[in-house]
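K.L.:
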Ligand SMILES: *Cc1c(COP(=O)(O)O)cnc(C)c1O
C-alpha cells in the first residue's frame, strides 16, 4: 500500500462543484485583484475568527512582517520566538529589520515555553511571536500575562492552526493580530500562495490595508508600501473551503486519535500531546524518536514501505548553514528541547481525506519498526530535554 502525505486532489474531488462555481464567478466578474470575492472571503474569515477585521495578503510570511511593520517594529527592536518552527517565522522578523531572539520550546507541546520568555526580555524587546505549532495553540494565557507585564505586543503565527483553540481562549483573542498562511498544504489551503491576518485593532487593519497595496487607499495617492495581495481566484477557493474547515479538522483529530491509540505502548518514540481543554487541529502528527540516531532510519523504513513520512523541521533555525546571514539574532538560554525536536521528529501522513485502511497501515508499519528496535531504545538514553514539568505543558 502507498500512503501519501497530502490529499490535495482528493479534497478537490470532494468539493469540486463548490470550488469550480466560485472560480467561475470570479472569472465572469471581470475583477481579479481586490475585487468582490476577496471582500466576501475577508468578511467570512473575520466572522469565523470572531474578529473585527480580516485582511488577505500575499502569503503567510508577509502577514507576519506586515503585522510587525504595522506595529512600528523594525531595526533596533527585538522579537522573541522559538527556533523549532518553519523558517518563515524568523524570516519575517528579519524582513521587518528587527532582531530575532530565540528561546526554547516546551518539552511536550514544542510551542514556545512561556517560562523561558522573561529572561530574554530587554529594553529593546517589542513583541513575542508564539507559533501554534503542528496545530496546537501555545499557552496564550501565560504569554499574554508576560506581554502585559512588560508592555509587549503579541503576534500569533497561526499558519498551522486555523480552527484551533486553547483552554479558555480563542485565536486572536489575546494578541494584537493572528497571521495565517493558505499555501496548499496548510489545513485551509488554496492552489498556490496566499495568507491573511485577523485583528481587532483598527489601527493595524488600516495600516496593513495600506501597506499591502502600494501604500494606497485611494487611487493615485500613495505612501510607502508593498504589493502583497490575496487574488480573488484564491479567495474564491478559500471561501468554498472555509465552510468545511471545522469538519476537516474533526477528521484530522479523528485520525490523530486513531494513531495515538494504535501506537500506545510503543517504546522507541513519544507521541504528540494534546493539552486538556485544547482543540489541537493536527496540521501535523509528529512523533519524536527517543534516540536521535534512529530517526532517519525510521523515516527511511516508512518510505521504503510506501508510507510518505517526513520531518518538520529537522534543522532548527539557529542551526541552518550560515545562520544568522548577517542578520541580528540572539539566543537566550539552552535550546535543548528545540534541538531534540529537530533531531527526533517524524511526521506521519495527516490529512482529512485519509482512509481508515491507510491509517491502520501506517500504524502497523510504525509498530513493526518499534518492535524491531525496542531493545536498542531501552538501553540508549534520549537527548536531554529540560523543563519536563513546565506548567504550560502539563
Ligand atoms: C507555512 C508557515 C509560514 C509561512 O507561510 P507562507 O504562506 O509559506 O509564507 C509561517 N509560519 C509557519 C509556522 C508556517 O507553517
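Residue numbers (the working numbering): 162 to 555.
From the three backbone atoms N, C-alpha and C, an ideal C-beta is built for every residue, glycine too.
It should be emphasised that the depicted structure is a prediction, and the values quoted were computed from it without experimental measurement.
1. Is DSSP giving residue 232 helix, strand or coil here?
2. Quick one: Cα of residue 268 to Cα of residue 177, how far?
3. Are residue 221 and residue 356 touching if we call contact CB-CB under 7 Å?
4. Would you say residue 247 touches ligand 1, meaning its beta carbon is less than 6 Å from a heavy atom?
5. Can you list the alpha helix (DSSP H) stretches of 4 or more residues lying completely in the segment 377-460, in chain order?
6. Note down the Cα distance separating residue 273 from residue 308, rounded to an integer number of angstroms.
7. Work out the CA separation of residue 448 and residue 414 for me, nearest whole Å.
8. For residue 202, report the span of its alpha helix (DSSP H) as first-last.
9. Between residue 320 and ligand 1, is there a pair consisting of the residue's CB and a ligand heavy atom that are separated by less than 6 Å?
10. According to DSSP, is residue 270 part of a helix, a strand, or is it coil?
11. What's the C-alpha gap between residue 202 and residue 397?
12. Would you grab the beta carbon distance between residue 364 and residue 210 for me? Rounded to a whole angstrom, and I think it's under 8 Å.
13. Roughly how far, in whole angstroms, is the beta-carbon of residue 532 from the beta-carbon of residue 435, given that I think they are within contact range, below 8 Å?
14. Answer yes or no: do residue 236 and residue 258 have a C-beta to C-beta separation smaller than 7 Å?
15. What I want to know is whether the C-beta of residue 292 ends up closer than 6 Å to one or more non-hydrogen atoms of ligand 1.
16. Please confirm whether residue 282 and residue 311 have their CB atoms less than 7 Å apart.
17. Using DSSP with H/G/I as helix, E/B as strand and the rest coil, what is residue 509?
18. Label residue 530 either buried or exposed according to how many other C-beta atoms from any shown protein chain fall within 10 Å of its C-beta, with 16 as the threshold for buried.
19. What is the residue span of the alpha helix (DSSP H) that residue 214 lies within?
20. Using the beta-carbon count (16 or more within 10 Å), is residue 540 buried or exposed?
21. For the 8 Å Cβ check, are there 3 or more pairs between the segment 184-200 and the segment 402-411?
22. Say whether the segment 467-483 touches the segment 377-394, bearing in mind that this needs 3 or more beta-carbon pairs closer than 8 Å, one atom from each stretch.
23. In this structure, what does DSSP give as the bridge partners for residue 164?
24. Between the C-alpha atoms of residue 319 and residue 244, what's the straight-line distance to the nearest angstrom?
25. Pick out whichever of 376, 395 and 394 has its Cα sitting closest to the Cα of residue 387.
26. Is it the case that the CB of residue 342 approaches a heavy atom of ligand 1 more closely than 6 Å?
27. Could you give the uninterrupted runs of the alpha helix (DSSP H) lying entirely in the segment 288-328, keeping only those of 4 residues or more?
28. Would you kindly check if the distance between the Cβ of residue 170 and the Cβ of residue 523 is under 7 Å?
29. Tell me which residues share the same chain as residue 466 and place their Cβ nearer than 6 Å to its Cβ, disregarding the 5 neighbours each side in the sequence.
30. What residue range is occupied by the uninterrupted beta strand (DSSP E) comprising residue 491?
31. Hey, is residue 250 close to ligand 1, as in C-beta under 6 Å from one of its heavy atoms?
32. So, does the segment 427-446 touch the segment 226-236, judging by three or more C-beta pairs under 8 Å?
33. With DSSP as the reference, label residue 239 as helix, strand or coil.
34. Short check: CB of residue 510 to CB of residue 166, under 7 Å?
P.N.:
Checking against the coordinates, here is how it stands:
1. Along the chain shown, one-based indexing puts residue 232 at 71. Coil at residue 232, not helix or strand.
2. Counted from its first residue, the chain shown places residue 268 at position 107. Counted from its first residue, the chain shown places residue 177 at position 16. Each residue's Cα considered, the two are about 41 Å apart.
3. Looking up residue 221 in the chain shown gives position 60. Looking up residue 356 in the chain shown gives position 195. Yes, these two residues count as a Cβ contact at 7 Å.
4. Along the chain shown, one-based indexing puts residue 247 at 86. Checking every heavy atom of ligand 1 against the Cβ of residue 247, one is found closer than 6 Å.
5. 393-403 and 406-424
6. Along the chain shown, read from residue 1 onward, the residue named residue 273 stands at position 112. Along the chain shown, read from residue 1 onward, the residue named residue 308 stands at position 147. Approximately 14 Å, taken between the alpha carbons.
7. Sequence index remark: in the chain shown, residue 414 carries index 253 (1-based). Sequence index remark: in the chain shown, residue 448 carries index 287 (1-based). Cα-Cα distance, rounded: 15 Å.
8. Translated into the one-based positions of the chain shown, residue 202 becomes position 41. Counting along the chain, the alpha helix (DSSP H) containing residue 202 begins and ends at 197-210.
9. The count along the chain shown starts at 1 and reaches residue 320 at position 159. Residue 320 Cβ: within cutoff of ligand 1.
10. Along the chain shown, read from residue 1 onward, the residue named residue 270 stands at position 109. Three-state DSSP puts residue 270 in coil, outside helix and strand.
11. Sequence index remark: in the chain shown, residue 202 carries index 41 (1-based). Sequence index remark: in the chain shown, residue 397 carries index 236 (1-based). Rounded to the nearest angstrom, the two C-alpha atoms are 7 Å apart.
12. For the purposes of this step, residue 364 is identified with residue 203 of the chain shown, where counting begins at 1. For the purposes of this step, residue 210 is identified with residue 49 of the chain shown, where counting begins at 1. No, residue 364 and residue 210 are not in contact; Cβ-Cβ is about 18 Å, not under 8 Å.
13. For this step, residue 532 is matched to residue 371 along the chain shown. For this step, residue 435 is matched to residue 274 along the chain shown. Wrong, their Cβ atoms sit about 26 Å apart, outside the cutoff.
14. By 1-based counting over the chain shown, the position of residue 236 is 75. By 1-based counting over the chain shown, the position of residue 258 is 97. Yes; because the gap between Cβ atoms is below 7 Å, this pair is in contact.
15. Residue numbering aside, residue 292 sits at position 131 when the chain shown is read from its first letter. Result yes, Cβ under 6 Å from ligand 1.
16. Looking up residue 282 in the chain shown gives position 121. Looking up residue 311 in the chain shown gives position 150. Contact flag set, yes.
17. Walking along the chain shown from the start, residue 509 turns up at place 348. DSSP places residue 509 in strand when its eight states are reduced to three.
18. Here residue 530 refers to the residue found at position 369 when the chain shown is read from its first residue. Residue 530 comes out buried.
19. In the chain shown, residue 214 corresponds to position 53, counting from 1. Here residue 214 belongs to no alpha helix (DSSP H); instead the beta strand (DSSP E) covers 214-218.
20. Start at 1 with the first residue of the chain shown, and residue 540 comes out as number 379. Its pLDDT being 49, under 50, residue 540 is placed unreliably in this model, and the value from its coordinates should be taken loosely. Exposed: under 16 other Cβ atoms inside 10 Å.
21. no
22. no
23. As a position in the chain shown, residue 164 is number 3, starting the count at 1. Per DSSP, 468.
24. The residue labelled residue 319 in the question sits at position 158 within the chain shown. The residue labelled residue 244 in the question sits at position 83 within the chain shown. Taking the straight line from one Cα to the other gives about 16 Å.
25. Stepping through the chain shown from its first residue, residue 387 is reached at position 226. Of the candidates 376, 395 and 394, the one whose C-alpha sits nearest the C-alpha of residue 387 is 376.
26. Within the chain shown, numbered from 1, the residue matching residue 342 stands at position 181. Residue 342: yes, Cβ under 6 Å from ligand 1.
27. 301-311
28. What you label residue 523 is simply residue 362 of the chain shown in a count that begins at 1. What you label residue 170 is simply residue 9 of the chain shown in a count that begins at 1. Contact: no.
29. The count along the chain shown starts at 1 and reaches residue 466 at position 305. Closer than 6 Å at Cβ, skipping near neighbours: 526.
30. Here residue 491 refers to the residue found at position 330 of the chain shown. Here the beta strand (DSSP E) through residue 491 covers 490-492.
31. Locating residue 250 in the chain shown gives position 89, where the first residue counts as 1. Yes - ligand 1 has a heavy atom lying nearer than 6 Å to the Cβ of residue 250.
32. no
33. For the purposes of this step, residue 239 is taken as residue 78 along the chain shown, with counting starting at 1. Residue state, collapsed to three classes: strand.
34. By one-based count along the chain shown, residue 510 stands at place 349. By one-based count along the chain shown, residue 166 stands at place 5. Contact flag set, yes.
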